[in-house]
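Chemist: Could you have a look at this structure, given as structure tokens, before my questions?
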Amino acid sequence: MIAREKLDQLKAGAGSAILRAVLPSDRCVFVFVEPSALKKVCQYVFRDLDARYVTSIGADDRPFSGSFLVAHNFAFDRDHLLCSILTEIPADNPVVDSISEVVPPANWAERELRDLVGIKLNGHPYPKRLVLPDGWPEDSHPLRKDVPWNFVPPDYDDEREYEFGDPPEGCTVVPFGPFHPTLDEPAHFRLYVDGERVRGCEYRGFMAHRGIEKLAESVLTYNDIPIMAERICGICGCVHNVTYAQAVESAAALQAPPRAEYLRTILLELERLHSHLLWVGLACHIVGFDTLFMQCFRIREPVMWVAEKITGNRKTYGLCVIGGVRRDLTVELKAELQQVLDRLETEWKAVTGAVLKDRNIQQRTCGVGVADRKLVKEAGLVGPVARAAGVDIDCRRDHPYAAYDRVAFDVITAADGDVWSRVVVRAREVFESIKIIRQCLEKMERGPIQLTLKDELPAGRMGMSSVEAPRGECHHFVITGEDNRPRRWRVRAPTYQNLQGVPMMIKDQQLADMTITLGSIDPCFSCTDRLETIDLKSGATRVWSPEELLKLGRNKQTL
Amino acid sequence: MTHNMLWRIVGGLANVQAVLLVAPLCEGVLRKVTAFLQSRKGPPLCQPYIDLLKLLGKEDIESGESPSLQRFVSKLALAAALTVACLVPMGFAAPMNGAGDVILLIYLLTLCGICTLLGGLAAGSTYSLLGIGREMMTMIALEPLFAIALLVGAVHVGSFRLDAVLNGSVYAAQGIPWSGLILLVVMIMSFQAFVQRVPFDIAEAETELMEGPLSEYSGPKLALFKWAQMVRLVVHSGLFVALFVPWGSGLAFPLGWMLFWAKVLVLVLLVTVVAATHARYRIDQAIRYFAGLLAVAFGALALAAYGF
């Protein structure tokens, strides 16, 4: 009913621009609009209907429908509805109006679809390259269907460098990253610093884009992808694994058995537990409080062990297949998991007691890196960052999936939007996760853990799924396809949105607060690209280029 | 006279040797106790010695703006700290206490800080420069504190002579030694900063500035800087003990000597516990904190001038 109502509202507001709509369920709606009206419709959805921007997707649909596809996804959180505004763009002239002017959080996602699918943007406010490496030629777009997955452009220009803007007057440039002790993964912030104050910054990331989406669309199969999806992130891998499976299931109208849904819930919450424990520890480390960092890691370790006992791995659980999960929970493991939770609860109470009363930590985090409600809306921030600003969103409640509609839990929020609020929100969410797992263990009944799929999945259907990762909403969009693999699979991790808010959070802050502010969104970038070798006999050094390393790796040679 | 001179040189060398040898052990104790507080096993006590040997044996890489200055400063840093060791009683009376007065000691302590500044400046990277900016601010607020403590002692005993001042002189007032007690509190509250440990390791701040002034140093030069830092911990502890906790130093040889090092060890443990239970301050917060302490210290100086 809600989907119908929203569609009627949309029709009343946007009128004849709407070509057709698909309502596969009451949880999501796909609306096709005229390309010329796309900007207006999105503005109406984002501003007048007050939807939350999720992400944008570009797809090369030429082999199937003869046109390119652009979709802008929005979420009506209070109405439990995901909404995709799609438009078809002629193959001979792939140009579309940019919506970033009226929907600012679309900034990155639009640049990404320009880079990877080659759809030109009309009137983008900041049309710099985002994803492709600096030396990649302008006219080659890897996600187009006529580009093979292992394509290396012959005119790749190794010498070309990214052009940064000029620093504001009176500011010095402080390069932050790609390698810095508090960045676990490479990303570059060019900070413009005036004394000890940060006046602005420019971001260049995507240094190790691994092309996982392309692989999925060209090499892997439906049930390979969950395993690959898990490798998107070293901490919230299970989230991607589940989100992908759910997106395909929603496209193919499948429903995993109840026991599988409970198992997914349990492992997602286990993942949140170890992620939050890790984060609180790291935050303490960043502000120089290493004792609490070590204690957090000690408390966290049993969670990793129990995950290993359940799935065979501390991380990368390899949990989902389409229509279910791969591993069941035995009675013994259930008892052990309960013990781990009991101990964790006691120990975490002690830690939160210490952290929440510590004036020293408060001095370093109160009023630092503030993201208020306005910034949350304008940058599309999600997860604990949004909740710390008092924006009450949580996909587990707003877009229930797996078994979250059968368990009771509170959505933790705070009011101030600073780093301290994020500490409080994450620290308290740990208790909610423990609560959820206990309920799952209690309510879970015996039964199958996988569907038996008799038919091939239908092609050309669309599905999307949002999962509350430890860092915020993780969103996947899938168009099913032929050859046992999707035509298009788009992943939007929570950091993708939260990182876009960082320049605003650190503006006019102390340089010393930069690391904890960036750390407070719990950023998650991705891996490394070059190394130097020294010949011990002659002492000659040699720097290996990414290409040489690739070649060595592929030919399985040693250095 | 010659005999006396020789005796002083031998004594000075003994002090330098003792400090050089004991400093890594103190660091080892610090690491072990920190590990205990963090539920870790921690490295063996001798690990800092091994670390220093390893660094000293490494290739000397020249990676800064002015390599010759960097080489010089790394040696000067250790030398300055060791010279202080000659002037401070380390269980025995200070061997070279006739070689200078309290003012020299103040200069030498400042020189230790200046070496860090020079080291960062010579390295010349962005992070080093940010680090020395912070170090400079800290020094300006901090160095007067020790100077005031020594001056208060000098005022009380009416002399700048080292052996007179470095013997609990701050308490030498008639009646209750108010100025001495106030300074004792002030010095305890700022001691972490003198030995550059959390919460005042602001200039190095690994997670913010990647070791700041030291970020371009490796191998032997880094070893010297690290050693200087360890020596600083011992020398400052020794100074603190001589100035504020002199009781029992007059006892006969093994007792007085043992008591002195026991007091230094207690101070090292105190530094460790404070470092392990605090988060790092931001430079503006630290400066405000130091400014408050400095104001109190000046008050104590005024009290001392009136004989309290």
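Just so you know, the sequences run in chain order A and B.
Position one of the first sequence corresponds to residue 525 (my numbering), numbered consecutively onward.
Position one of the second sequence corresponds to residue 3 (my numbering), numbered consecutively onward.
Even for Gly, the Cβ is constructed at its ideal location relative to N, Cα and C.
Take the Cβ of Thr-1084/A as the centre, count every other Cβ of all protein chains shown within 10 Å, and call the residue buried at 16 or more, exposed below.
Modeler: Any property of residue 1084/A remains undetermined from this structure, which presents chain A solely from 525 to 1083.
Chemist: In whole angstroms, what is the alpha-carbon distance linking Ser-549/A and Val-772/A?
Modeler: For the purposes of this step, residue 549/A is taken as residue 25 along the first sequence, with counting starting at 1. For the purposes of this step, residue 772/A is taken as residue 248 along the first sequence, with counting starting at 1. Whole-angstrom Cα-Cα distance: 14 Å.
Chemist: From Glu-871/A to Tyr-283/B, what does the alpha carbon distance come to, in whole angstroms?
Modeler: On the first sequence, position 347 is the one that residue 871/A refers to. On the second sequence, position 281 is the one that residue 283/B refers to. The alpha-carbon atoms of Glu-871/A and Tyr-283/B are separated by roughly 27 Å.
Chemist: So Ala-83/B packs on Cys-114/B, CB below 8 Å; how close in whole Å?
Modeler: Numbered from its first residue, the second sequence carries residue 83/B at position 81. Numbered from its first residue, the second sequence carries residue 114/B at position 112. Confirmed, Cβ separation roughly 5 Å.
Chemist: Quick one, which of Leu-794/A, Phe-821/A and Gln-819/A has its alpha-carbon nearest Lys-833/A's?
Modeler: Counted from its first residue, the first sequence places residue 833/A at position 309. Comparing Cα positions, the closest option is Leu-794/A.
Chemist: For the stretch 578-596 of chain A against the stretch 531-545 of chain A, are there 3 or more C-beta pairs whose distance is under 8 Å?
Modeler: These segments do not touch.
Chemist: Drop a sphere of 10 angstroms on the beta-carbon of Thr-1057/A, count the other beta-carbons inside from all chains shown, and report buried for 16 or more, exposed for fewer.
Modeler: The count along the first sequence starts at 1 and reaches residue 1057/A at position 533. Confidence in Thr-1057/A is poor, its pLDDT being 47 and thus under 50, which makes the residue's placement unreliable; the coordinate value appears in the next sentence. Exposed, by the Cβ-count rule.
Chemist: Exposed or buried, what is His-525/A when buried is set at 16 or more other beta-carbons lying within 10 Å of its beta-carbon?
Modeler: Against the first sequence, residue 525/A aligns to sequence position 1. Going by the sequence as given, residue 525/A is Met instead of His. So Met-525/A ends up on the exposed side.
Chemist: When you compare the stretch 716-731 of chain A with the stretch 684-701 of chain A, are there three or more beta-carbon pairs, one atom per stretch, that lie closer than 8 Å?
Modeler: Verdict: yes, contact present.
Chemist: Using the beta-carbon count (16 or more within 10 Å), is Ala-895/A buried or exposed?
Modeler: Here the question's residue 895/A lines up with position 371 in the first sequence. By the 10 Å Cβ count, Ala-895/A comes out buried.
Chemist: Per DSSP, Phe-1001/A forms a beta bridge with which residues?
Modeler: Residue numbering aside, residue 1001/A sits at position 477 when the first sequence is read from its first letter. In DSSP, Phe-1001/A forms a bridge with Met-988/A and Arg-1014/A.
Chemist: If you measure from the beta carbon of Asp-979/A to each beta carbon in chain B, is any gap under 9 Å?
Modeler: Residue mapping note: residue 979/A aligns to position 455 of the first sequence, counting from 1. No, because no Cβ of chain B sits closer than 9 Å to the Cβ of Asp-979/A.
Chemist: For Tyr-768/A, report the span of its alpha helix (DSSP H) as first-last.
Modeler: Within the first sequence, numbered from 1, the residue matching residue 768/A stands at position 244. Segment 761-775, the alpha helix (DSSP H) holding Tyr-768/A.
Chemist: Would Ala-299/B be called buried (16 or more neighbouring beta carbons within 10 Å of its own) or exposed?
Modeler: By 1-based counting over the second sequence, the position of residue 299/B is 297. It is buried - the Cβ of Ala-299/B has at least 16 other Cβ atoms within 10 Å.
Chemist: Could you say which of Cys-808/A, Tyr-650/A, Tyr-680/A and Pro-649/A lies nearest to Ser-664/A if we only look at CA atoms?
Modeler: Taking the first sequence and counting its residues from 1, one reaches residue 664/A at position 140. Minimum Cα distance to Ser-664/A is reached at Tyr-680/A.
Chemist: For chain B, find out if any of its Cβ atoms is closer than 9 Å to the Cβ of Met-818/A; answer yes or no.
Modeler: Walking along the first sequence from the start, residue 818/A turns up at place 294. It does; some Cβ of chain B falls within 9 Å.
Chemist: Give a yes or no on whether the minimum CB-CB distance between Glu-116/B and chain A is below 9 Å.
Modeler: Translated into positions along the second sequence, residue 116/B becomes position 114. One point to set straight first is that residue 116/B is Ile, not Glu, in the sequence displayed. No, no contact with chain A.
Chemist: Judging by CA-CA distance, which residue of Gly-758/A, Ile-810/A, Val-641/A and Tyr-841/A is the nearest neighbour of Arg-888/A?
Modeler: Taking the first sequence and counting its residues from 1, the one referred to as residue 888/A is at position 364. Out of Gly-758/A, Ile-810/A, Val-641/A and Tyr-841/A, Ile-810/A has the C-alpha closest to the C-alpha of Arg-888/A.
Chemist: Hey, is Arg-602/A's beta-carbon within less than 9 Å of any beta-carbon in chain B?
Modeler: Here residue 602/A refers to the residue found at position 78 of the first sequence. Cβ-Cβ to chain B under 9 Å: no for Arg-602/A.
Chemist: If we require 4 or more residues per run, which alpha helix (DSSP H) segments fall completely within the stretch 813-880 of chain A?
Modeler: Here the runs fully enclosed are 814-835.
Chemist: Just checking Leu-792/A against the ligand ATP - is the residue's beta carbon closer than 8 Å to any of the ligand's heavy atoms?
Modeler: For the ligand ATP, the structure offers nothing, since it holds no ligand at all.
Chemist: For Ala-910/A, tell me which candidate among Pro-972/A, Val-931/A, Thr-937/A and Ser-591/A has the shortest Cα-Cα distance.
Modeler: Numbered from its first residue, the first sequence carries residue 910/A at position 386. Among Pro-972/A, Val-931/A, Thr-937/A and Ser-591/A, the Cα nearest to that of Ala-910/A belongs to Thr-937/A.
Chemist: Using a Cβ cut-off of 7 Å, pull out every chain B residue sitting near Glu-720/A, in sequence order please.
Modeler: Locating residue 720/A in the first sequence gives position 196, counting from the first residue. Simply Ile-285.
Chemist: Should Gly-294/B go down as buried or exposed, given a rule of 16 or more other Cβ atoms within 10 Å for buried?
Modeler: Counted from its first residue, the second sequence places residue 294/B at position 292. Exposed, by the Cβ-count rule.
Chemist: Cutting at 6 Å between CB atoms, please list the residues of its own chain near Glu-737/A, excluding the five before and the five after it.
Modeler: Residue mapping note: residue 737/A aligns to position 213 of the first sequence, counting from 1. For Glu-737/A, where only same-chain residues beyond five positions count, the Cβ hits under 6 Å are Trp-1013.
Chemist: Would Ile-993/A and Gly-907/A qualify as a contact pair, given that the criterion is a beta-carbon distance under 9 Å?
Modeler: Reading the first sequence from its first residue, position 469 is the one you call residue 993/A. Reading the first sequence from its first residue, position 383 is the one you call residue 907/A. First, the amino acid is wrong: residue 993/A is Ala here, not Ile. Taking 9 Å as the Cβ cut-off, Ala-993/A and Gly-907/A qualify as a contacting pair.
Chemist: Mind checking which residues open and close the alpha helix (DSSP H) that includes Ala-895/A?
Modeler: Here residue 895/A corresponds to residue number 371 of the first sequence, with the count starting at 1. Segment: none, Ala-895/A is in no alpha helix (DSSP H) and carries neither H nor E.
Chemist: With the cut-off set at 9 Å, would you say Val-879/A and Ala-784/A are in Cβ contact?
Modeler: Here residue 879/A refers to the residue found at position 355 of the first sequence. Here residue 784/A refers to the residue found at position 260 of the first sequence. Contact flag unset, no.
Chemist: Is the stretch 820-839 of chain A touching the stretch 955-972 of chain A in the sense that three or more CB pairs, one from each, lie closer than 8 Å?
Modeler: The stretch 955-972 of chain A, when compared against the stretch 820-839 of chain A, does not touch it at the 8 Å Cβ threshold.
Chemist: Which residue from Val-641/A, Trp-660/A and Ala-527/A puts its Cα closest to that of Ala-599/A?
Modeler: The residue you call residue 599/A lines up with position 75 of the first sequence. Cα-wise, what sits closest to Ala-599/A is Ala-527/A.
Chemist: So, does the CB of Pro-699/A fall closer than 9 Å to a CB anywhere in chain B?
Modeler: Walking along the first sequence from the start, residue 699/A turns up at place 175. Output row for Pro-699/A: interface = yes.
Chemist: Step through the CB atoms of chain A and report whether any lies within less than 9 Å of the CB of Pro-201/B.
Modeler: Your numbering for residue 201/B matches position 199 in the second sequence. Pro-201/B counts as touching chain A.
Chemist: Please state whether DSSP places Pro-618/A in a helix, a strand or coil.
Modeler: Residue 618/A sits at position 94 when you count from the first residue of the first sequence. Reduced to three states, the DSSP call for Pro-618/A is coil.
Chemist: Between Val-90/B and Ala-25/B, what straight-line distance do the alpha-carbon atoms span, to the nearest angstrom?
Modeler: Reading the second sequence from its first residue, position 88 is the one you call residue 90/B. Reading the second sequence from its first residue, position 23 is the one you call residue 25/B. The alpha-carbon atoms of Val-90/B and Ala-25/B are separated by roughly 15 Å.
Chemist: If you measure beta-carbon to beta-carbon, which residues of the stretch 35-60 of chain B are closer than 7 Å to chain A?
Modeler: Taking 7 Å as the Cβ-Cβ cut-off against chain A, the residues of the stretch 35-60 of chain B that qualify are Leu-39, Gln-40, Ser-41 and Arg-42.
Chemist: Could you check if Ala-2/B is buried or exposed, using at least 16 other CB atoms within 10 Å of its CB as the buried criterion?
Modeler: Residue 2/B lies beyond the residue range present for chain B, which begins at 3 and ends at 310; the question has no answer from this structure.
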